[in-house]
Amino acid sequence: MENAVFIGLSQQMALKRRMDITANNLANVNTTAFKSEHPLFEEFLVKRPDQDAVSFVQDYGSYRDLREGEFTHTGRPLDLAISGEGYFSIETPEGIRYTRNGSFRLDPDGNIVTINNQALLDENNRKITVNLQFQELTVAPDGTVTTGPGQTQKIGLFDFENPQVLKQVGSGLYDAENFQPQATTDVNIMQRTLEKSNVQPILEMTAMIDIMRAYQSAQQLLDSEHELQMKTIEEMPTVQ
């Protein structure tokens, strides 16, 4: 009886984890360049002497869907989208972080910054600063920023051997931790464009319904086992 209860509880714990991830995906359906996440589970066998092994479900981790979201034209010169596998590098108080959210603006000093006033960096990890006297700003597909006569800098575009190692730290930023980025040229920057989230809300809502049904089924199993245990306890004195 206890095995059935433990198996049911392990399933519910896994379903709760899956529900949390699904809810987070839905909450970010309108977040620029957000990448949906999905859980990974594996079977965990507990071997017992002279008995069959008991199969539990174990939360193994999660993976990020790296497919591009839909591109939308905004008309703003500092809205940038990356077509291909790559990330912008951003200077934060905690160190350099990476993002695909290309919604930038100019601060009073002429630095190109995020909405949280964190500086966009060039290919040498220096701040990209433009002359505020010139209103026209052009970003070439290779990331070259041109403002005024002869003033150019190149936006740093980086990639990783395995982008799944990047850790989300909020505000659309990723921490590479101890993994080294590599400069990438196999991408294009589209100016006046933003990448939408790649979350598919219909699929996420369907998944949420399936999770709820599975959770209820597991709860029914636990309730049945509890009733059986209570009935056994009540009848044991009679048997003796």
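Count along the sequence shown starting at 1, add 8, and that's the number in the numbering used here.
Think of the CB as a built atom: it goes at the ideal place given N, C-alpha and C, for glycine as much as any other residue.
Residue i versus residue j: straight-line alpha-carbon distance, rounded
i: G69; j: P245; result: 47 Å
i: F168; j: V147; result: 23 Å
i: A22; j: E50; result: 10 Å
i: L34; j: M220; result: 15 Å
i: D226; j: I217; result: The question names Asp, yet the displayed sequence has Ala at residue 226. The alpha-carbon atoms of A226 and I217 are separated by roughly 14 Å.
i: L181; j: T107; result: 5 Å
i: P149; j: R84; result: 16 Å
i: V65; j: R72; result: 21 Å
i: G94; j: T214; result: 31 Å
i: L174; j: L114; result: 27 Å
i: N133; j: K162; result: 10 Å
i: V153; j: N139; result: 12 Å
i: R25; j: A31; result: 10 Å
i: T157; j: P101; result: One point to set straight first is that residue 157 is Pro, not Thr, in the sequence displayed. Each residue's alpha carbon lies about 33 Å from the other.
Close Cβ partners of residue i (< 6 Å) along its chain, the five nearest in sequence each way excluded
i: T137; result: G118, N119
i: L129; result: S97, E99, G164
i: V121; result: D115, A127
i: I210; result: none
Where residue i falls, given that 16 or more other Cβ within 10 Å makes a residue buried
i: M9; result: Residue placement at M9 is poorly supported in this model, since its pLDDT is 46, which falls under 50; the coordinates still yield a value, given next. The residue is exposed, with fewer than 16 neighbouring Cβ atoms inside 10 Å.
i: L74; result: exposed
i: F42; result: buried
i: G103; result: exposed
i: N109; result: buried
i: Q224; result: exposed
i: F14; result: exposed
i: F112; result: buried
Residues near residue i in its chain [Cβ-Cβ closer than 8 Å; skip 5 each side]
i: N124; result: S179
i: I29; result: E45, H46, P47, S70
beta-carbon residue i near the ligand HEM non-hydrogen atom, thresh 8 Å
i: I217; result: For the structure depicted, the ligand HEM is absent and the ligand set is empty, with no information on it obtainable.
Own chain partners of residue i with C-beta closer than 7 Å, once the 5 adjacent residues on each side are dropped
i: T82; result: R200, T201, L202
i: D194; result: G92
i: N36; result: F42, S205, V207
i: F166; result: G94, Y95, S97, Y106, P189, Q190, A191, T192
i: Q176; result: Y182
3-residue-minimum beta strand (DSSP E) runs that sit fully inside the stretch 184-218, ordered along the chain:
With a minimum length of 3 residues, the continuous beta strand (DSSP E) runs that stay inside the stretch 184-218 are 196-199, 201-203.
Contact the stretch 192-200 vs the stretch 84-93: 3+ CB pairs below 8 Å:
The answer is yes - the stretch 84-93 touches the stretch 192-200, with three or more Cβ pairs under 8 Å.
Contact the stretch 74-83 vs the stretch 205-218: 3+ CB pairs below 8 Å:
Cβ pair count under 8 Å is three or more, so yes.
Write down every uninterrupted run of the alpha helix (DSSP H) in the stretch 15-84 whose length is 4 residues or greater and which is fully enclosed by it, in chain order.
Counting only runs of 4 or more, we get nothing.
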